[in-house]
Structures are given as structure tokens and as C-alpha cells.
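Residue numbers (my numbering): 9 to 102.
Every residue gets a Cβ at the ideal spot worked out from N, C-alpha and C, and that includes glycine.
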């Protein structure tokens with residue numbers, strides 16, 4: 009069981025038709041919607057925070073509003089610019 013489950017497929021379809029907005033996206037689109045790195049999306053999947061709607065030949069496809077809700081759901085620390093949130097030794101050299 010995931011912490012932020014996806015809505016049923018018919019609800020996703022009708023919501024996208026009504027709003028005209030994009031409801032589904034790949035890992036990079038999900039990361040952009042959540043404001044995190046693409047690798048973070050993979051970590052969330054492995055830790056059962058979110059799950060893809062389906063996995064096709066091009067890779068997993070995510071429900072973007074669910075990913076946004078999971079991102080708002082909390083993290084201990086979230087840097088305003090995700091690409092600056094590096095933990096490597098180069099980040100501490102300065």
C-alpha cells in the first residue's frame with residue numbers, strides 16, 4: 009500500500025478532459041511538478057510513497073497531481089532550489 013495512491017483511471021481521464029491540463033507524465037515531468045530531482049521520484053517509488061499509474065516501454069508514467077500532493081506532504085528539509093541540495097564532499101569544501 010502506498011502513502012499517496014493514484015485515483016482510478018477513469019477519474020484521471022475525465023479530469024484531464026475537463027481541465028484540459030496534462031495529468032500524466034514521465035519521471036522527469038513528475039520531478040518538475042514536485043520540484044525535486046528525478047532520482048527523488050525513484051526513491052519515493054521504492055519507499056512506497058507514490059506509484060506509477062502504469063509502466064510502458066518508455067518507462068513509468070505518473071499521475072502529476074498525486075506527485076504534487078506527495079511533495080506537499082512533507083520532507084524533513086527541502087531546499088528552495090533542489091539542484092543545490094547536494095550532499096557530496098564538494099558541497100562542504102567551500
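Beta-ladder partner(s) of residue i, from DSSP
i, result
"residue 63", "68"
CA-to-CA distance, residue j to residue i, given in whole angstroms
i, j, result
"residue 102", "residue 44", "Because the pLDDT of residue 102 is 49, which lies under 50, any placement of that residue in the model is unreliable, and the number read from its coordinates should be weighed accordingly. Rounded to the nearest angstrom, the two C-alpha atoms are 24 Å apart."
"residue 12", "residue 81", "9 Å"
"residue 20", "residue 52", "21 Å"
"residue 42", "residue 29", "16 Å"
"residue 34", "residue 55", "18 Å"
"residue 76", "residue 46", "13 Å"
"residue 67", "residue 60", "9 Å"
"residue 49", "residue 65", "18 Å"
Terminal residues of the alpha helix (DSSP H) in which residue i lies
i, result
"residue 38", "35 to 42"
"residue 53", "46 to 54"
"residue 20", "17 to 27"
Integer-rounded CB distance, given that residue j should sit under 8 Å from residue i
i, j, result
"residue 23", "residue 31", "6 Å"
"residue 14", "residue 74", "5 Å"
Check whether residue i and residue j have beta carbons under 8 Å apart
i, j, result
"residue 2", "residue 37", "No statement about residue 2 is possible, as the shown extent of the chain runs from 9 to 102 and does not include it."
"residue 57", "residue 25", "no"
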